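One structure is given below, encoded as structure tokens.
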């Protein structure tokens, strides 16, 4: 029978479920009729006609779907159709030679094998179905009067305000407005440790609220949500044909002609009808055809389970061949947000008091530097402010109980403090703080390096990606500092989007196969031009994620190494599967042609054929046990 996979758009549809059920019932009825015919031959050997009628009935039952698939494959040629046509020819040959037992057993064995393939342990459909279930939930939405209404999450739109209680599944992507809770994000990001969220943080639909109560503003729903994109891309990836499958499809017609020539030669040289039928059955390339999709689907399923979204099997294969990395800085190697780097207070000043005053003043402005300062001290410690005034581009000032306070650039403080000291050397933003006419201290801010960045780059070098380039639009001093901390020697700073694209092209022209990693709109051209483009899912721009071949949903850099290791394991698994499929087929064809399969050669060939298919599926299924090695 054909090795068609089930519905490539998602989980098994009701129609496909009914088809499998009908095949199973047909196989059971045909098996019963076949057994009855064999018993009749044994118990009443003189009533040959009755036994033949029973065997013929069993053969007709299972012949109908076989011949229907064969006719379909003539109208719509495909690689899978070769098996349909070969089994149909073997069936017709068995009828022509009067071998009703073989005519019944052949299609019966292939139908059973087909059912096993569709219900195999690969689990791609089940994985997609499980993810799809996460997109369907209930939501508690606030109306204009502040009342809660229980609705289906598919009715949500961006801008809606919802409440998520402990034990609830988040109905959509959003931003936390109020509350604090621990979220189980394992189904989306692959993280086993709960994520602690609070006001201002972005959250993913499908995560489970373990405790606390959250009020969330919906930002993305349905197919535009993170989980929706995961499901959609897994579906499209499942439909994509790996390169080796496309190669086999190109020579499918020649392969069928070769098999027919071998079968005809076997008949001409041996006059053995069973040997000829056995050649036709043994040559069915089901195991070889399944080797690539079974491996790639298993790999894509494992990747999605670990929070890695791969758009297709081709990119999974490309990952195994990479030898270089081109990586962005802001939002990729770093968090992309300003944080407190150092507070240099004057002698006798309390760092805690200065932090509280700076945070209070920073909260009055929407400037990125001010927003960063607002997080350096708890709100409960903030002093009360009056007469707040924002000095455009320079800073803010306000009246406190201790006097007039100024927070801002050197130019603002110079007009307020007579003996203002020089700014300390620093390659990030610097603000000064003055209170009651006296300078109190400098506050140094910087974009902090991700804690895993250095170990990730070292791991990639160990995996063979030794050529590493830091490509950023930031200043050279900042880029050099980050590069030194992560062990990268080649740095190009001040790069515009066109410059990044040019540098990727230069690397490829020099013989490198680079992985390009980024998160921003300015990285989209470079991501598209790289051999494999990887976008940071957490905090990354929609354009960058749309341009990339791979998305790290949780934005964890450690999964770059996981991508490479998984792809290389998939490549080794594919090579073994191709050897099983090709080698097993060649050995069976040779054994059938020389008559080594015995008097029931076609039936034995069918049994061995199904065994090779299950070996391929089982070997691909071993990928599902892949585990990450996160340092």
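Residue numbers (UniProt numbering): 1 to 631.
Glycine is no exception: its CB is placed at the ideal position from the N, C-alpha and C atoms.
All values derive from a computational prediction rather than experimental measurement.
In this chain, the beta strand (DSSP E) harbouring residue 442 covers 438-449.
In the three-state reduction of the DSSP assignment, residue 528 falls in the helix class. Taken in chain order, the complete alpha helix (DSSP H) segments of 4 residues or longer contained in the segment 307-338 are 313-319. In this structure residue 358 touches residue 407 by the C-beta definition: roughly 6 angstroms separates them, less than 8 angstroms.
Under the 8 angstroms Cβ criterion, the segment 297-308 does not count as touching the segment 409-416, having fewer than three qualifying pairs.
By the neighbour-count definition (other C-beta atoms within 10 Å, threshold 16), residue 204 is a buried residue. Taking the C-beta atoms as reference points, residue 360 is found nearer than 9 angstroms to residue 398. When Cβ pairs closer than 8 angstroms are counted between the two stretches, the segment 32-41 is seen not to touch the segment 83-90, the count staying below three. Taking the Cα positions, residue 213 is about 52 angstroms away from residue 578. Cβ contact annotation for residue 158 (same chain, cutoff 8 angstroms, sequence separation greater than five): 218, 219, 220, 221, in chain order.
For a cut-off of 8 angstroms, the C-beta gap from residue 341 to residue 445 is around 6 angstroms, short enough to register as a contact. Secondary structure of residue 151 (DSSP, three-state): strand.
Excluding the 5 residues flanking it on each side, residue 505 has same chain C-beta neighbours closer than 7 angstroms at 529, in chain order.
Remark: C-beta atoms of residue 274 and residue 99 approach each other more closely than 9 angstroms.
Shortest Cα-Cα distance from residue 277 to any of 426, 94, 337 involves 94.
By the neighbour-count criterion, in which 16 or more other beta carbons inside 10 Å mark a residue as buried, residue 299 falls on the buried side. Residue pairing by DSSP puts residue 217 in a beta bridge opposite 161, 175. Listed in chain order, the non-local C-beta contacts of residue 478 below 6 angstroms within the same chain comprise 427, local neighbours out to five positions each way being set aside.
Ranking 108, 45, 592, 263 by CA distance to the CA of residue 33 puts 108 first. Residue 387: not part of any alpha helix (DSSP H); member of the beta strand (DSSP E) spanning 386-391, first to last residue. Counting of Cβ neighbours within 10 angstroms places residue 69 among the buried residues, the total reaching 16 or more. A distance of 9 angstroms or more separates the beta carbons of residue 266 and residue 63. Every alpha helix (DSSP H) stretch that sits fully inside the segment 493-526 and reaches 4 residues is listed by chain position as 497-509. For the set 329, 317, 400, 469, the Cα lying nearest the Cα of residue 489 is the one of 469. In this structure, 583 is the residue among 629, 516, 583, 101 with its C-alpha nearest to the C-alpha of residue 288. Remark: C-beta atoms of residue 619 and residue 587 do not approach each other more closely than 9 angstroms. In the DSSP assignment, residue 405 falls outside any alpha helix (DSSP H) and lies within the beta strand (DSSP E) extending over 403-408. Residue 484 has its alpha-carbon roughly 32 angstroms from the corresponding atom of residue 200.
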